[in-house]
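Below is one structure, written out as structure tokens; comments come after it.
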């Protein structure tokens, strides 16, 4: 059922853009339904009679690395899963009225966020956990950036902080996997190693704590949370109530038993939590932007949670879980309510709202109830959880000083919480004097569909406060899943006259005084200003990193091939020299190494290479380099590598066509090189040649087939039903590698397209032709090709199809078939009478994207057999069919798209760049551009200057 849950969420992510385009902003109603359905599925999986203590499901993913897609739902998982899905559904429904227009990307990211968070709280595998953790980071980055131009810088700063935490978690994950020999989270947590190796356990504990601090905005990584307030209200509501920040809380709750005996863990959590809670609360009191006030309040409440988890007792963990639920409910309602106020009034500024006649009784009631819950007033959920936090502080173990410190921190934070809650309510209610005088602008209530979700949340905080015992079961199960011990939390609104109640009364009294003297308090706190803010620290790190990168770029950035190739070639020479002195004895040569034909082919290649070095004309170089390529192709055929040779042959043909197109835009001759450049290049080339020769002599022909080769030859046909071992390795055994290479190829094609489109081509020279010559007439010049093409093109198409379908059992496959098919398109270009008529108007960008998508999507079918990209096999009418053929189709389309991009764009006339095609930006007059939100944003010419000597070398 858990796999079904994630499948529902995955399908929602895929369909979200399409639903958004069809239904516009109202898509939120439709997309909320799958999240509610997933919540029902999760609840059913949890209460399933056959599940026992924890329902688990596992699908093999990467068996060789012991990585499974393992899911497990227990008491802690179900609490966070319900928060993620139910509040997520509410936010989607709320967004339908908040958004002014359709934003498919917003719904895509929100659904992706819900899917990532659900995976994070359900997975029982460390690797999958880390991937889900980073997915939440990416979703938050894009959602913050989605706020417009003002969101770009905060989004980048948020990304820097949270990615840094991700690196800490990755380090901890690697250590845990290596130490325990398992990637299963439940196994790692229960491993005895953590009690036997205290030093290693402390290191892992600090790494996990650091990761949680970055995600939950704890000191010293708190700056990103208020900085991210540029995001729209629905994003903030989800980010702060149930998604991003709660991932850190879930992490420390899950790992608490593992680090129960690590003092550094408790010290780090309590210290960072108390500092963050006090700083956030004191800063919130001063805020005029009510959304920023809520952001700092979130930081403060998260600090309380982290500090209480750091206490480590069962009572403290129970209090943390209850407050997590209470905070999610009232904080989501508060962010949604300020979104309504801003939407209706056009402002969220405290002073501006005080000058308005805000007649929004329902919204104001929601604000009062939710803020009162945040302040810890009875009979609301916040009061119940705050008393539990105080009781947890009083029960802190070890020394009385710790009890005083923790309890005092909670009390002071709660006092300021009351004060900023009052300030928030005061801002939303407006100034009573202005309302009575009638001198201010009147703002009416929002539509019921707008305030429905926050109203439900406000009702929930009341219900939890009055009937907290209804959470006894879920909270007890969550604590059991965390500590392994069952204890009834005895949740109640009234526990009698006790010390926590007295402290609550003290909090309310002192908070009321601070609220009454709020201006004096703000003025007093303004005196204590740090010399630098957290945002400035992150921004300094970002700008410093960029400046460092610019220095390296200034030293290495060039269009000179010589400078680009020097470093890797020198590295190759160094490795070769080390090999020469460390290799020792090598085995004897197996069989006859040489064949007479080898010497003839070597002579052809050598003559071609030498001719290319001496030639001054670009056309001459193109011809002789092509000769070298065809010589190497013949060599492959002579060695019996038919697949490689056929692929090389088609590559050489297409390369020659593209080079001819590019030569039409370049000077006829190469610029003269300095003698020093020729000398240095020659020395480096000779050194590389010598090292390469020594490497070939030492490593080639000195053994029989390797064990791996013998295994593939023996088992390959049996396992795959295919006789072409090269092909079955590429599309079955090593399909994941091929998918990665396919993606790189697609990116290269897109890069070629953008590069050729974004910079104007050099005008071609005008050759003087005799008017009586056949080449002076384009139509006459292509008569032969057009006549031959009538026969050749159908043959090329047939050969391409045959190579594609026979690749599993004989020479062929998607790659070479696509190259042959692209050769047909190249022939179409060459036979056209003019460049304009030669354009092959196929959507090459779409082909590239479709190829990569098909390749990746085909891998999902492998889960029917157990793991990603595992091919499925079947016989239809006695014919062997496999899903590897569909994967090969993805290869075919992507390769074809890349070649078409080169032919289409390199063949455009220099004096007529043509229309922009298939999403590629049109070339400006020396401008480079980016596609942002569907619009072409130019970058002025000169932004990327090229040195004069580099233009010569280009």
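Residue numbers (our numbering): 303 to 1256.
Backbone N, C-alpha and C fix where the C-beta goes; we use that ideal spot for every residue, glycine too.
Buried/exposed call for residue i, threshold 16 Cβ in 10 Å
i	result
residue 1025	exposed
residue 807	exposed
residue 403	exposed
residue 689	buried
residue 460	buried
residue 945	buried
residue 1217	Here residue 1217 scores only 43 on pLDDT, less than 50, and its place in the model should not be relied on; the value that follows carries that caveat. Classification for residue 1217: exposed.
residue 526	buried
residue 744	exposed
Candidates the options, of which the one nearest residue i by Cα
i	options	result
residue 818	1090, 919, 587, 520	587
residue 442	425, 433, 464	464
residue 869	990, 658, 384, 920	990
residue 364	1182, 1187, 1169, 998	1169
residue 608	639, 646, 711, 666	711
residue 517	542, 496, 714	542
residue 1267	647, 839, 652, 720	Because residue 1267 is not part of the residues shown, which for the chain are 303 to 1256, the question remains open.
residue 727	705, 674, 840	674
residue 385	327, 501, 350, 539	539
residue 812	714, 872, 650	714
residue 651	918, 798, 487, 725	725
residue 801	883, 776, 783, 691	691
residue 425	772, 445, 304, 1192	304
residue 786	687, 377, 335	377
residue 967	1058, 410, 932	1058
residue 410	481, 335, 331, 316	316
residue 805	759, 897, 685, 758	685
One or two residues paired with residue i in a DSSP bridge
i	result
residue 359	373
residue 568	Answer is none; residue 568 lacks a bridge partner.
residue 1182	1177
residue 425	373
residue 651	591
residue 919	971
residue 486	427
residue 364	369
Residue i Cβ short of 7 Å to the ligand ATP heavy atom set
i	result
residue 834	Looking at this structure, you won't find the ligand ATP or any other ligand, since it has none at all.
Three-state secondary structure (DSSP) of residue i
i	result
residue 866	helix
residue 506	helix
residue 745	strand
residue 661	coil
residue 1234	Only weak support is given to the placement of residue 1234: the predicted model assigns it a pLDDT of 36, under 50, and the question is left unresolved by the model.
residue 454	helix
residue 834	coil
residue 460	helix
residue 940	helix
residue 589	coil
residue 614	coil
residue 971	strand
residue 577	helix
residue 257	One cannot answer for residue 257 here, as it falls past the ends of the chain, which runs 303 to 1256.
residue 534	coil
residue 666	helix
residue 323	helix
residue 841	helix
Practice item. State whether the stretch 622-635 contacts the stretch 599-613, with contact taken as three or more CB pairs (one from each stretch) at a distance under 8 Å. Key: With the rule of 3 Cβ pairs closer than 8 Å, the stretch 622-635 counts as touching the stretch 599-613.
**Q.** the stretch 529-539 contacting the stretch 615-630, beta-carbon criterion three pairs below 8 Å
**A.** With the cut-off at 8 Å, the stretch 529-539 and the stretch 615-630 do not touch.
Review point. Is the stretch 841-852 touching the stretch 744-757 in the sense that three or more CB pairs, one from each, lie closer than 8 Å?
Key: No, the stretch 744-757 is not in contact with the stretch 841-852.
message: With three or more beta-carbon pairs closer than 8 Å as the criterion, would you say the stretch 1099-1115 touches the stretch 927-943?
response: The stretch 1099-1115 makes no contact with the stretch 927-943, as fewer than three CB pairs between them are under 8 Å.
* Are three or more beta carbon pairs between the stretch 978-997 and the stretch 875-895 nearer than 8 Å? -> Verdict: yes, contact present.
Practice item. Would you check if the stretch 1194-1209 and the stretch 398-410 touch, i.e. whether three or more CB-CB distances between them fall below 8 Å? Key: Result no; under three Cβ-Cβ pairs closer than 8 Å.
Next item on the list: Spell out a yes or no on whether the stretch 338-350 and the stretch 310-328 are touching, meaning 3 or more CB-CB pairs, one atom from each, closer than 8 Å.
Entry: They touch, by the three-pair rule.
*Touch check for the stretch 902-910 and the stretch 1018-1032: three-plus C-beta pairs under 8 Å?*
No, they do not touch.
**OP:** Flag this pair as touching only if the stretch 368-381 and the stretch 1178-1190 have three or more C-beta atom pairs under 8 Å; answer yes or no.
**Re:** Judged by pairs of C-beta atoms under 8 Å, the stretch 368-381 does not touch the stretch 1178-1190, as fewer than three such pairs exist.
Q) Would you call the stretch 567-575 and the stretch 504-514 touching, i.e. three or more CB-CB distances under 8 Å? A) Contact between the stretch 567-575 and the stretch 504-514 is present, because at least three Cβ pairs lie under 8 Å.
Would the stretch 634-649 count as touching the stretch 659-668 if we require 3 or more Cβ pairs under 8 Å?
Between the stretch 634-649 and the stretch 659-668 there are three or more C-beta pairs closer than 8 Å, enough to call the two in contact.
Check whether the stretch 1147-1162 touches the stretch 998-1014, counting contact only when three or more Cβ pairs, one atom from each stretch, lie closer than 8 Å. Remark: fewer than three beta-carbon pairs, one from each stretch, lie closer than 8 Å, so the stretch 1147-1162 and the stretch 998-1014 are not flagged as touching.
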